[in-house]
Amino acid sequence: MTSAQSLTFHWTGWSIAFALVVMAITAALCLIAWRRSGRTVGTGLMETLRLTIVALSLVTLLQPEWLVQYLPDERPTIVVLADSSGSMQTRDVIDENRPSEPPVTRRESIAPLLAESLWAPFADRFDVVVEDFSSSLADPEQGTDLHAALSAAASRHDNLRGVVLLSDGDWNTGDPPVRAASELRTKSVPVFAAVAGSESRLPDLELVRVDAPTFGVVGKPLRIPLVVSSALPRDATVNVTLTPSEGEPVTEQFTVPAMGQLADAMLWTPQEKGEFELTVNVPAHEEEFVTENNERTVPISIREEALRVLLVESFPRWEYRYLRNALERDPGVQVSCLLFHPELKKVGGGKGYIEAFPDTMEALSKYDVVFLGDVGVEPGQLTVEDCRLIKGLVQSQASGLVFMPGMRGAHLSLIGTELEELYPVVLDAAQPRGWGSRIAAQMELTAAGRRSLLTQLEDTEDTNARLWETLPGFQWYAAVERAKAGAEVLACHKTQSGPFGRLPLLVTRTYGTGKILFIGTDGAWRWREGVEDRYHYRFWGQVTRWMAYRRGMAHGELMRLFYSPDRPQSGDTVTLHANISGTGGEPLREGTAVVQIVSPSGESDSVRLSPSDEWGLFTGTFTPDESGTYQLRLTCRENGSTLDATLSVQDVERERLGQPARLDVLEELTALTGGKIAKTGDVQGLLQEISDLPEPEPLVRRLRIWSHPAWAGSLVFLLGLFWIVRKAVGVI
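Going by my numbering, the first residue of the sequence shown is number -13, and it counts up by one from there.
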């Protein structure tokens, strides 16, 4: 930089006139005093000092400043920032001059603004620099960081004169862009924005989400929930196709409401075990413009199944008989029954029955689901220690627990034991035997029940809701006051209400690592009327598998590994749980358990799991920072076992195709910095604004002489010297 120096004053006509008058009067008085003294040298020196002090005081009133102006040697710079994030691939830019032509992508619409010929007329005044930007993520195109792009432009170019932002305004990572705009404003750097994309969403069908489970079972139907969003002006009937990487595709027809959203599910039955990818495709509609967001692919593992279920009951009521029959006929379930029949002298006897409730952790921990019927803490039934073991099984071993109360009211004796904390409902102690009626009543699904896997007895949500309205009803139900906080009510009594609203009859909750289900009626066996086992078997099969879902993620002879959430996204904290047994089968209370983690990119990490309780539960956490399939290997030094598993991590979807441009963001940036905004097809006014930018003002540094300490010190020094001279002359 070159510099220029000058001395300036801040004066007005009145201040100059005042200074001249005071100076003239002072000079006249000094001259008179010198002549009266006989023109002595001492008096002359004293009066000269007086005149100098007055003159400097008057100069102080005029505020003298020493200015140094720094002029840049380099030419001003115009930075053109071109958005290259994923949302710029949205095909929604229509040429207003040729509306019949198909739309182009946002990235294609800004391509003409990156041509050297467009900026050639500015070459004689500015250095034009074109830069792409997106984000600092592992996959940069999966995010937009406007703040980082604007801030980097301000820091890299000292003589920045303006920023041209070619973007759709969508930002989803980094700090708010207004912070960078405030920084540019202090430097008098305007932002000129060219909007890429439509301000409103064009007609489009978008497959927003596919929520497949992490694993399934050979031969068992899988429900694959999906969400389709519509920006079409009318309802659209589409044939959605689910294509596995191996096997036959499945096609189902759905109606997506106009300008709305469809949340439904498809059914797929795997025929063989292995690792699969499921591709869900929504066919392009004749009216939609954006077709790139109509397909999604998710991984899933299919395996053989061997669930172990413990069914505990007192009196062999009809619900127990048909439930036992349904579980025994399920090829993926091994059922053990414990019947505390009040008229039998001893427990057990017969195929599939055990003689006593498992009294050790090792014996009980082999069960994936426990059904507790109309039993309680009574002589010849459960004990307080049994309740403690069941609680530990659910809390630490990820097993499921199903409460199935009955007309005997024995379940109320569980209140006061450790199982009371697990109940998802508050029971009415004033009516221990529940309520009965000659007229059959029915359940009604809640909004949560319509979405739940447990209640899906038909393939689609609408037909399933209609089925629940027509299922044979029940004539007895448990006396329940309300659901507890944190519980999810799936179905209520259709007609009966209490002080807290309609009575909950189908309620779930999570406790520790396991799941709990409360069923407040014993009439599910009536669903067989006219259709045999169709709905009855399907319901209990779904209950059993849902309750044992976590225990089935990965297991070996001595170790089991499961995690939550089961479909994490990159950046989520994943909690790893491991149930580890010793070589003798007993739960391992202390030990060294390590999970080796290999990311999709090949980077390795390890997590040491810490023991949590007496049930052999070890826990630890890690945060995946990239999407894809992670390889997990659990090792334990004490039992010498190794267990391999996989974890599928989904990418955080920041850049969604088909969304409207964020005009509000770009308007805020340009307004804050004093720039201008235009569409990509109408940038002539924008270019003219850039051409009319004035030359940058030089950097000025001011030395305020009138307020500098040295100036004040000089005046004080002269006043002191004046006092000394007066005394030497003899005036004082």
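Just so it is clear, CB atoms sit at the ideal spot from N, CA and C, and this is done for glycine as well.
Small disclaimer: the values here were computed from a predicted structure and weren't measured.
{"Asked": "Run of the beta strand (DSSP E) containing Gln737, from where it starts to where it stops", "Found": "In the structure as shown, the chain starts at -13 and stops at 718, and residue 737 therefore has no counterpart that could be examined."}
{"Asked": "Collapsed DSSP secondary structure at Leu6 in the structure displayed", "Found": "helix"}
{"Asked": "Gly422 versus Gln482 - alpha carbon distance", "Found": "12 Å"}
{"Asked": "Own chain residues within Cβ distance below 7 Å of Glu406, not counting five before or after", "Found": "Leu400"}
{"Asked": "The region 234 to 245 contacting the region 276 to 283, beta-carbon criterion three pairs below 8 Å", "Found": "no"}
{"Asked": "Which residues DSSP lists as bridging Glu117, in chain order", "Found": "Leu67"}
{"Asked": "Minimum C-alpha distance to Ser550 - residue among Thr200, Arg77, Asp125", "Found": "Thr200"}
{"Asked": "Cutoff 6 Å; reference Gly30; Cβ partners in own chain excluding five residues on either side", "Found": "Trp20"}
{"Asked": "Per-residue DSSP class, three states only, for Val355", "Found": "strand"}
{"Asked": "Cβ-based burial, Phe486 [other Cβ within 10 Å; buried from 16]", "Found": "exposed"}
{"Asked": "Element boundaries [beta strand (DSSP E), containing Asn225]", "Found": "222 to 230"}
{"Asked": "Option nearest Ser556 by Cα separation, candidates Tyr616, Gly538, Val529", "Found": "Tyr616"}
{"Asked": "Integer Cβ distance of Leu253 from Arg209, believed to fall under 8 Å", "Found": "6 Å"}
{"Asked": "Assigned exposure category for Trp709 - 16 Cβ within 10 Å defines buried", "Found": "exposed"}
{"Asked": "Beta-carbon proximity check, Thr76 vs Arg61, cutoff 8 Å", "Found": "no"}
{"Asked": "For Glu299, the nearest candidate out of Gly362, Ala244, Ser73, Asp445 (CA to CA)", "Found": "Gly362"}
{"Asked": "Sequence-distant residues of the same chain with beta carbon closer than 6 Å to Phe719, five excluded per side", "Found": "Since the first residue of the chain shown is -13 and the last is 718, residue 719 is not available in this structure."}
{"Asked": "In DSSP terms, what Glu261 is bridged to", "Found": "Ser287"}
{"Asked": "Close beta carbons around Ala471, own chain, < 6 Å, minus the five adjacent residues each side", "Found": "none"}
{"Asked": "Distance CB(Arg187)-CB(Val213) smaller than 8 Å", "Found": "no"}
{"Asked": "Sufficient close CB pairs (3 or more, under 8 Å) joining the region 379 to 393 to the region 519 to 537", "Found": "yes"}
{"Asked": "Distance, Gln442 Cα to Pro418 Cα", "Found": "31 Å"}
{"Asked": "Segment limits, alpha helix (DSSP H) that includes Ala416", "Found": "Premise fails: Ala416 is in no alpha helix (DSSP H) and is neither H nor E."}
{"Asked": "Identity of the residue in Gly626, Leu123, Ser322 nearest Gly570 by Cα", "Found": "Gly626"}
{"Asked": "Rounded Cβ spacing between Leu67 and Phe119 (contact assumed at less than 8 Å)", "Found": "5 Å"}
{"Asked": "Beta-carbon spacing of Leu408, Ile502 below 8 Å", "Found": "yes"}
{"Asked": "Whole-Å CB distance - Ala427 paired with Phe460, under 8 Å assumed", "Found": "6 Å"}
{"Asked": "Cβ separation of Cys622 and Ile566, assumed to be a contact under 8 Å, to the nearest whole Å", "Found": "5 Å"}
{"Asked": "Alpha-carbon to alpha-carbon, Glu576 and Gly602", "Found": "8 Å"}
{"Asked": "Nearest-angstrom Cα separation, counted from Ala124 out to Glu639", "Found": "13 Å"}
{"Asked": "For Leu652 and Gly155, believed in contact at Cβ under 8 Å, the rounded distance", "Found": "4 Å"}
{"Asked": "Coil, strand or helix - Leu685 by DSSP", "Found": "strand"}
{"Asked": "Beta-carbon gap between Ala244 and Ser216 smaller than 8 Å", "Found": "yes"}
{"Asked": "Sequence-distant residues of the same chain with beta carbon closer than 6 Å to Thr283, five excluded per side", "Found": "Glu263, Thr265"}
{"Asked": "Reduced DSSP secondary structure (H/G/I, E/B, other) of Asn267", "Found": "strand"}
{"Asked": "Backbone CA spacing between Asn311 and Ser322 [nearest angstrom]", "Found": "12 Å"}
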